[in-house]
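Asker: Order-wise, the sequence lines are chains A and B.
Numbering of the first sequence is given in the numbering used here, commencing with residue 3 and proceeding in unit increments.
Numbering of the second sequence is given in the numbering used here, commencing with residue 7 and proceeding in unit increments.
Even glycine gets a Cβ: it sits at the ideal position worked out from N, Cα and C.
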Amino acid sequence: MEIQVVGDVTVVLLPARVDTTSARDVEAGLHAVLEAGARKLVADFGGNDYVSSAGLRVFLTVLKFLEQNDGRIVLCAMQPFVDDVFQISGFSELFTIVATREEALALFA
Amino acid sequence: MLRNLPIAWRITVLVLLGAGLVLGAVSLYSYLSARDFLEQQKRAEILANAHATANRIDTVTRSVEKIVRGLANSVDDIEPGQRRAVVLLRRTVAQNPELYGSGIGYEPSLYGRLAPYVYQPSGVYGTEQSLETRAASDLVVTDLGRGGRAYEIGDWFQLPAQMHRAAWTEPYYDEGGGNIVMATYAVPVHLRHDSLPVSAVVGGDVSLYWLTRLLESLDLGASGYAVLVSQTGTFIANPNQDLIMNESVFSVAEARRDPRLRAIGRQMIAGRTGYVACDGLKTLAPQESSWLAYTPVPSTGWSLGIVFADSEISGDVVALSRIQWLMALGGIAALLVVALLIAGSITRPLAGLDAATRTLARGDLDAPLPKARGRDEIAHLTASFGQMRDDLQAHIEELRVTTAARERIESELRIAASIQMSLVPRTFPPFPERDDLELNALLEPAREVGGDFYDFFFLDDDHLCLAVADVSGKGVPAALLMAVTRSFLRSLAREGGGPAEILAKVNEELAADNEECMFVTMFLALVDVRTGAVAYASAGHNRPFVVNGAGRATQVPRVRGVALGAKVGMEYAEGVLTLAPADTLFLYTDGVSEAMDAHDEVFGEERLGTELERICAGTCGDVLEELLAALGRHAAGVEQWDDITMVAFRYLGSPGASRDGAG
Chain A
3 MEIQVVGDVT
13 VVLLPARVDT
23 TSARDVEAGL
33 HAVLEAGARK
43 LVADFGGNDY
53 VSSAGLRVFL
63 TVLKFLEQND
73 GRIVLCAMQP
83 FVDDVFQISG
93 FSELFTIVAT
103 REEALALFA
Chain B
7 MLRNLPIAWR
17 ITVLVLLGAG
27 LVLGAVSLYS
37 YLSARDFLEQ
47 QKRAEILANA
57 HATANRIDTV
67 TRSVEKIVRG
77 LANSVDDIEP
87 GQRRAVVLLR
97 RTVAQNPELY
107 GSGIGYEPSL
117 YGRLAPYVYQ
127 PSGVYGTEQS
137 LETRAASDLV
147 VTDLGRGGRA
157 YEIGDWFQLP
167 AQMHRAAWTE
177 PYYDEGGGNI
187 VMATYAVPVH
197 LRHDSLPVSA
207 VVGGDVSLYW
217 LTRLLESLDL
227 GASGYAVLVS
237 QTGTFIANPN
247 QDLIMNESVF
257 SVAEARRDPR
267 LRAIGRQMIA
277 GRTGYVACDG
287 LKTLAPQESS
297 WLAYTPVPST
307 GWSLGIVFAD
317 SEISGDVVAL
327 SRIQWLMALG
337 GIAALLVVAL
347 LIAGSITRPL
357 AGLDAATRTL
367 ARGDLDAPLP
377 KARGRDEIAH
387 LTASFGQMRD
397 DLQAHIEELR
407 VTTAARERIE
417 SELRIAASIQ
427 MSLVPRTFPP
437 FPERDDLELN
447 ALLEPAREVG
457 GDFYDFFFLD
467 DDHLCLAVAD
477 VSGKGVPAAL
487 LMAVTRSFLR
497 SLAREGGGPA
507 EILAKVNEEL
517 AADNEECMFV
527 TMFLALVDVR
537 TGAVAYASAG
547 HNRPFVVNGA
557 GRATQVPRVR
567 GVALGAKVGM
577 EYAEGVLTLA
587 PADTLFLYTD
597 GVSEAMDAHD
607 EVFGEERLGT
617 ELERICAGTC
627 GDVLEELLAA
637 LGRHAAGVEQ
647 WDDITMVAFR
657 YLGSPGASRD
667 GAG
């Protein structure tokens with residue numbers, strides 16, 4: 003999982019799959035970023051093509067933490083199948099989801 | 007064969023074989039060269055002995071020759087008369103012990119047969135010591151021509167008379183004269199006062215007994231003996247008296263049919279010197295194999311032979327080689343001990359290791375290993391073996407711990423599965439008394455239990471509640487959350503309200519204090535079995551299919567709704583639809599739509615719709631069975647990852663309504 007810092011925004015590039023196996027690593031990585039003080043997060047799904055329900059849970063924990071700590075997470079660059087997962091589960095109502103990273107960064111400007 | 011022996015013996019055998027070969031070769035070589043050397047030495051010694059003896063005989067015979075020649079010169083001066091001649095002969099015989107007797111034979115035509123002869127019968131052997139004791143009275147005087155004896159036909163007279171020179175006779179028995187076996191040196195004498203070429207012959211006798219005594223007195227070892235043969239090969243001296251004068255080398259060779267001995271005899275009478283193998287010369291029959299050294303006695307033309315048994319010559323060699331063989335055997339024995347010690351020192355730790363291995367192989371990992379000493383390969387092997395055992399022990403311990411852990415996990419999984427299965431209704435048909443509906447459901451748990459569930463129950467006589475849910479996560483936590491969710495659903499549904507309201511209430515309960523952020527997707531439908539009217543709501547769940555009586559499958563329209571437990575205060579939209587008789591409502595979880603094949607391709611909702619259209623003619627149970635089979639074909643051996651949950655509800659129409667319709 004690659005982490006980039008653009009200004010005061012931390013951009014996280016997600017791995018190809020966030021399933022039961024890799025969800026634990028993604029969760030640890032994201033929470034490390036949060037504990038380091040990041041409050042403006044962009045999750046870039048450009049390199050990701052699968053998110054399982056365990057993966058959804060990870061994003062939910064990040065969302066809850068940021069909501070309680072005056073932070074914000076924006077998801078971007080989702081492929082259709084991953085977008086479907088968010089749509090079907092209704093999580094698209096909980097998260098801000100935009101088409102590109104630029105749009106995501108613009109939301110923090 | 008060698009392979010079956012213990013290593014120590016193999017090493018020993020090989021070392022002994024190698025060392026034995028080398029030792030054997032060295033011993034053989036030194037034995038052969040020593041034997042050669044000893045034989046050369048013996049040969050030189052025997053030949054020297056033969057020469058010395060021949061010289062000794064020669065000294066005697068030459069001395070006799072000299073005496074007889076001196077006597078012959080004297081005869082030339084004296085009158086042919088008995089008295090003077092006898093005095094001369096007596097003095098000569100008395101003074102010369104080697105002389106057995108001496109005589110003068112006159113040519114009979116001069117004085118008639120006259121041959122005075124003096125000999126010493128008591129001093130037969132003419133030994134030197136008898137010189138002092140010999141008295142003139144011991145001498146016997148006789149006339150060889152007395153009584154008209156024809157002495158002139160004897161060899162001793164004929165040889166010099168015919169050849170006009172001095173000569174040794176062949177040995178002969180002197181009957182009427184000395185009466186012993188003798189050889190005579192005879193010298194022709196020409197007297198000045200007559201015209202005959204040979205007027206008389208002077209002879210001097212050597213006793214062959216004396217010669218035999220002389221040869222017997224030689225120190226020739228245990229088996230050695232000397233023989234003397236004449237110019238014709240006849241035995242003059244031989245330890246076997248019977249052979250003297252009676253047999254020759256040639257007659258012996260004839261008796262033995264031994265051409266080699268005949269050749270030896272020819273060499274001997276030809277006056278040669280030699281050293282040859284022969285079978286002894288004491289009897290007519292062959293004796294033990296021996297060596298013969300022969301050399302001539304030049305004055306007489308005789309040949310002296312000295313015979314030694316081969317065994318005596320090789321005796322020294324045998325003694326020498328016996329010492330060598332004993333030393334070699336001793337060396338090999340010492341080598342055997344050393345090789346066994348070395349091999350033992352190599353294999354003893356191996357044997358210990360072998361025993362330890364057997365113990366270990368029986369499962370006793372705590373058995374002590376032999377101590378490794380030094381830094382050789384065996385010490386390394388022992389150390390490695392010890393390391394291996396320690397690793398094995400550590401591994402077994404680790405395996406024990408992990409096995410225990412896995413058993414714990416597996417028991418948790420069993421618990422989770424049993425929680426899951428105990429909470430879903432599993433009796434089909436669930437409402438056998440009703441003929442207005444058909445209902446079947448199926449839950450195929452994955453190995454690592456997911457937490458799917460389905461539920462259906464009548465809220466009152468006419469309203470059936472249908473639910474399918476999928477709890478996020480797996481294992482015991484998921485199973486527990488499922489149990490909690492089901493309880494909330496059952497209790498909150500009975501409080502009344504539509505499906506959206508029920509979901510909102512369940513969400514409030516689940517989202518409160520949801521530290522773990524677990525969530526549940528759920529599709530909830532309330533069916534009015536009188537009319538087929540369905541109200542439904544979805545909490546982030548897959549949209550079910552409706553398959554109508556004509557076999558067309560369509561997904562129910564989407565309604566908004568977030569998974570239960572994600573966030574408090576969520577609102578859920580509600581959808582409505584109406585089922586015609588024979589329409590089937592098919593609910594499922596993503597274990598169906600996202601079942602993976604070997605290439606990570608999901609089954610997909612589109613294909614699910616197609617499959618439903620294909621198989622919808624059967625009963626609800628048949629439809630579920632067929633779908634499960636289709637999923638199995640799709641997975642094609644890939645392990646089922648998620649729970650597979652399906653509910654099929656077929657509305658058959660209200661009997662009342664159909665009665666109404668008929669009426």
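1. Could you tell me the alpha carbon to alpha carbon distance between V64(A) and G567(B), rounded to whole angstroms?
2. N446(B) lies in the beta strand (DSSP E); which residues open and close that run?
3. Would you say E37(A) reaches chain B, if we count a Cβ-Cβ gap shorter than 8 Å as a contact?
4. Which same chain residues, not among the five before or five after A14(B), have their C-beta less than 6 Å away from its C-beta?
5. Tell me the DSSP secondary structure of D264(B) in three-state form.
6. Return the Cβ separation of L29(B) and G337(B) in integer angstroms, given the expectation that the two are a contact with Cβ distance under 8 Å.
7. Listing by chain order, which chain B residues have their CB less than 7 Å from the CB of F97(A)?
8. In whole angstroms, give me the CA-to-CA distance for A38(A) and P505(B).
9. With DSSP as the reference, label V130(B) as helix, strand or coil.
10. CA-CA distance, L202(B) and Q273(B)?
11. Just the C-alpha distance for L443(B) and V540(B), rounded to the nearest angstrom, thanks.
12. Given a limit of 9 Å on CB to CB distance, which residues of the segment 351-377 of chain B reach chain A?
13. Let me confirm a value: P103(B) is counted as buried when at least 16 other C-beta atoms fall within 10 Å, else exposed. Which label applies?
14. So what does DSSP say about M652(B), is it helix, strand or coil?
15. For the segment 563-579 of chain B against the segment 634-641 of chain B, do three or more pairs of beta-carbon atoms, one drawn from each stretch, fall closer than 8 Å, so that the two count as touching?
16. In whole angstroms, give me the CA-to-CA distance for L298(B) and C284(B).
17. Between which two residues does the alpha helix (DSSP H) holding A389(B) run?
18. Report yes or no: is there a C-beta of chain A within less than 8 Å of the C-beta of N513(B)?
19. How is Q6(A) classed by DSSP in three states: helix, strand or coil?
20. If you follow the alpha helix (DSSP H) that H33(A) is in, where does it begin and where does it stop?
21. Look up Q273(B) in the DSSP assignment and say whether it is helix, strand or coil.
22. Taking the Cβ atom as the reference point for each residue, do V204(B) and G111(B) lie within a distance shorter than 8 Å?
23. For the segment 113-122 of chain B and the segment 69-80 of chain B, state whether three or more C-beta atom pairs, one from each stretch, are separated by less than 8 Å.
24. Applying a beta-carbon distance threshold of less than 9 Å, which residues of chain B neighbour R26(A)?
25. Contact defined as beta carbons within less than 8 Å: I believe S599(B) pairs with E607(B). What is the distance between those atoms, to the nearest angstrom?
26. Could you check the C-alpha separation between A475(B) and I621(B) for me, to the nearest Å?
27. Check whether the segment 570-586 of chain B and the segment 530-550 of chain B touch, using three or more Cβ-Cβ pairs below 8 Å as the test.
28. For I5(A), return the contacting residues in chain B, with the cut-off set at a CB-CB distance below 9 Å.
29. Could you tell me if E4(A) is buried or exposed, where buried requires 16 or more neighbouring beta carbons within 10 angstroms of its beta carbon?
30. If you run the structure through DSSP and keep just helix, strand and coil, what is H640(B)?
31. Taking the C-alpha atoms as reference points, what is the distance between E617(B) and F609(B)?
32. Identify whether A56(A) lies in helix, strand or coil by the three-state DSSP scheme.
33. Tell me L43(A)'s beta-bridge partners as DSSP assigns them.
34. Near S36(B), what residues of its chain come up, given a Cβ to Cβ distance below 6 Å and the 5 sequence neighbours on each side ignored?
35. When we look at the beta-carbon of E138(B) and count the other beta-carbons within 10 Å, is it buried (16 or more) or exposed?
Answerer: Let me lay it out:
1. Put simply, the backbone Cα of V64(A) is about 20 Å away from that of G567(B).
2. 443-450 is the span of the beta strand (DSSP E), which, as asked, contains N446(B).
3. Chain B, which has no Cβ nearer than 8 Å to the Cβ of E37(A), makes this no.
4. These residues qualify, in order along the chain: A349, G350, T353.
5. Correct three-state label for D264(B): coil.
6. 6 Å between Cβ atoms; contact.
7. Within chain B, no C-beta atom comes nearer than 7 Å to that of F97(A); the closest sits roughly 10 Å away.
8. A38(A) and P505(B) have their C-alpha atoms some 43 Å from each other.
9. Because V130(B) sits at a pLDDT of 45, beneath the cut-off of 50, its placement in the model cannot be relied upon, and the point is left open.
10. Each residue's alpha carbon lies about 39 Å from the other.
11. Straight-line Cα distance between these residues: approximately 14 Å.
12. Within the segment 351-377 of chain B, no residue has its Cβ closer than 9 Å to any Cβ of chain A.
13. By the neighbour-count definition (other C-beta atoms within 10 Å, threshold 16), P103(B) is a buried residue.
14. For M652(B), the three-state secondary structure derived from DSSP is strand.
15. As far as the Cβ criterion goes, the segment 563-579 of chain B does not touch the segment 634-641 of chain B, which means the pair count is below three.
16. Answer to the nearest angstrom: the Cα atoms are 6 Å apart.
17. Annotation for A389(B): the continuous alpha helix (DSSP H) segment containing it runs 383-429.
18. Output row for N513(B): interface = no.
19. Three-state result, Q6(A): strand.
20. For H33(A), the enclosing alpha helix (DSSP H) begins and ends at 22-37.
21. If DSSP states are grouped into helix, strand and coil, Q273(B) belongs with the helices.
22. The answer is no: Cβ separation not under 8 Å.
23. No, because fewer than three Cβ pairs between the segment 113-122 of chain B and the segment 69-80 of chain B fall closer than 8 Å, the two stretches do not touch.
24. For R26(A), there are no neighbours in chain B by C-beta distance under 9 Å, as the nearest C-beta there is about 11 Å away.
25. Approximately 12 Å separates the beta-carbon atoms of S599(B) and E607(B); this is outside 8 Å, ruling out the contact.
26. Approximately 24 Å between the Cα atoms of the pair.
27. Of all C-beta pairs linking the segment 570-586 of chain B to the segment 530-550 of chain B, three or more are shorter than 8 Å, placing the two stretches in contact.
28. The premise fails here: I5(A) is roughly 22 Å from chain B at the closest Cβ pair, so nothing lies under 9 Å.
29. So E4(A) ends up on the exposed side.
30. The answer is helix: DSSP assigns H640(B) an H, G or I state.
31. Using only the alpha carbons, I get a separation of about 11 Å.
32. For A56(A), the three-state secondary structure derived from DSSP is helix.
33. In the DSSP output, where bridge partners are listed per residue, L43(A) has T12(A), I75(A).
34. Result list for S36(B): empty, nothing under 6 Å.
35. Residue placement at E138(B) is poorly supported in this model, since its pLDDT is 43, which falls under 50; the coordinates still yield a value, given next. Its Cβ having fewer than 16 others within 10 Å, E138(B) is exposed.
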